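Numbering (this note's numbering), first residue to last: 627 to 916.
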Amino acid sequence: MASINEIKNKILSVVNTKKITKAMEMVSASKIRKTQERMQLGRPYSEIIKKVIAHVVQGNLEYKHSYLESRKTQRVGVIVISTDRGLCGSLNTNLFKIVLLKMQQYARVNVLCDLVLFGLKSISVFKSCGSNILATVSNIEENPNLLELINSVNILLKEYDLRKIDKVFLAYNKFHNKMSQIPTLNQLLPCSGITTAVQGAKKWDYLYEPESKLILDVLFKRYVESQVYQSVLENIASEQAARMMAMKTATDNSSNRIKELQLFYNKVRQANITQELNEIVAGASAVSIQ
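In structure tokens form, the structure reads like this:
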């Protein structure tokens, strides 16, 4: 049976752990409001430009952009957006599962995957897997810099423009609410897979000024930038929500563990007192008999 001092040390250790997890829960709770507001402000632009691309896809385009061209899949690229820090539950694990599953599916048909990784967690995982990594981005703050993010993505887009990569996927955690974050894997390129509510309509085309090539090049570039940047914002908000819930669970578990240890401490203490009383009574009886 454990001694009283050992139980005291265990209780003190759990109390200190509880203080840490409670502090981390409060920090995440304070950050989640700002990250959620920033994410929600970016959603309208991201959705509208996606609708614009969806309308453009359905038109009879004179200029066929390379981002609309469907090719035979011989090599794919995946942009994986994870967190830099842990202690956020199964947020990263669930995302890595769907990415690895997609990579395994392509590996079965001898299609290789090139990766662009955001976040230290994805870098550590996919480096250990021996994946082909084109670029990495780490230490992403709550308010990320768009230029830093796009510079890494442009490496993958250059490979796509050179026809070395035939498809590009984007993997991130989509923020649903504070209790739920959805691991998501979407096809980013080619854009021909984008659907819109305008179904069954006649084909059309737009009048471009100055010219369709110039406008569409800029439009598709802005589309890729907006989707990547919005995905990063979604993942940051998901990280804070997941960490807040994970730390709340850890705090609650610490409270329950402290109660169990205190109860065990009282039982051991009572047993020691009872044993000492029995020894005193036994000693007194022995003396009286003599």
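All C-beta atoms in this analysis are idealised placements derived from N, C-alpha and C, irrespective of residue type, glycine included.
On a predicted model such as this, the values are computed, not experimentally measured, just so you know.
Apply the 10 Å Cβ neighbour rule to residue i and answer buried if 16 or more other Cβ atoms are within range, or exposed otherwise.
{"i": "V907", "result": "exposed"}
{"i": "G745", "result": "buried"}
{"i": "L743", "result": "buried"}
{"i": "I749", "result": "buried"}
{"i": "V725", "result": "buried"}
{"i": "G756", "result": "exposed"}
{"i": "T900", "result": "exposed"}
{"i": "T709", "result": "buried"}
{"i": "L889", "result": "exposed"}
{"i": "K634", "result": "exposed"}
{"i": "Y689", "result": "exposed"}
{"i": "S629", "result": "exposed"}
{"i": "V682", "result": "buried"}
{"i": "E632", "result": "exposed"}
{"i": "L775", "result": "buried"}
{"i": "I679", "result": "buried"}
{"i": "S838", "result": "buried"}
{"i": "V844", "result": "exposed"}
{"i": "A733", "result": "exposed"}
{"i": "L859", "result": "buried"}
{"i": "V824", "result": "Note that V824 has pLDDT 48, beneath the 50 cutoff, so the model's placement of it is unreliable and no number is given."}
{"i": "A872", "result": "buried"}
{"i": "N898", "result": "exposed"}
{"i": "L741", "result": "buried"}
{"i": "I674", "result": "exposed"}
{"i": "N718", "result": "buried"}
{"i": "L842", "result": "buried"}
{"i": "L721", "result": "buried"}
{"i": "K747", "result": "buried"}
With residue i and residue j assumed to form a contact (beta carbons below 8 Å), what rounded beta-carbon distance in angstroms separates them?
{"i": "T661", "j": "I808", "result": "Rounded, the Cβ-Cβ distance is 16 Å, inconsistent with contact."}
{"i": "V794", "j": "L814", "result": "5 Å"}
{"i": "Y798", "j": "S716", "result": "Wrong, their Cβ atoms sit about 15 Å apart, outside the cutoff."}
{"i": "D787", "j": "S692", "result": "6 Å"}
{"i": "I637", "j": "L903", "result": "Rounded, the Cβ-Cβ distance is 25 Å, inconsistent with contact."}
{"i": "R789", "j": "V640", "result": "Actually they do not touch by this definition, with Cβ atoms about 58 Å apart."}
Find the nearest neighbour of residue i within the set the options, judged by alpha-carbon distance.
{"i": "Q730", "options": "S716, S708 and V702", "result": "V702"}
{"i": "R664", "options": "V735, K634, N769 and T643", "result": "N769"}
{"i": "P816", "options": "F752, Y671, I658 and V704", "result": "V704"}
{"i": "Q853", "options": "K728, D787, L772 and E767", "result": "L772"}
{"i": "L796", "options": "S754, M871, I707 and I884", "result": "I707"}
{"i": "S672", "options": "I884, I791, Y849 and V751", "result": "Y849"}
{"i": "E695", "options": "N720, F846 and I841", "result": "F846"}
{"i": "L713", "options": "K885, M870 and E905", "result": "M870"}
{"i": "Q666", "options": "S754, K800, K723 and R711", "result": "K800"}
{"i": "G668", "options": "G909, E851 and L840", "result": "E851"}
{"i": "Y832", "options": "L727, Q684, R659 and T643", "result": "Q684"}
{"i": "V751", "options": "K723, N765 and K657", "result": "K723"}
{"i": "R711", "options": "S754, E767, Y855 and L727", "result": "E767"}
According to DSSP, what are the bridge partners of residue i?
{"i": "S806", "result": "N803"}
{"i": "T762", "result": "L743"}
{"i": "K874", "result": "None; K874 has no bridge partner."}
{"i": "R701", "result": "L738"}
{"i": "Y891", "result": "Partner(s): none; Y891 has no beta bridge."}
{"i": "A797", "result": "V706 and L811"}
The region 646-656 contacting the region 892-901, beta-carbon criterion three pairs below 8 Å: no
At least 3 beta-carbon pairs within less than 8 Å: the region 798-818 vs the region 855-872: yes
Sufficient close CB pairs (3 or more, under 8 Å) joining the region 877-885 to the region 636-651: yes
Cβ contact check for the region 733-741 and the region 693-702: 3 or more pairs under 8 Å: yes
Inter-stretch contact (C-beta, 8 Å, three-pair minimum) for the region 758-765 and the region 773-781: yes
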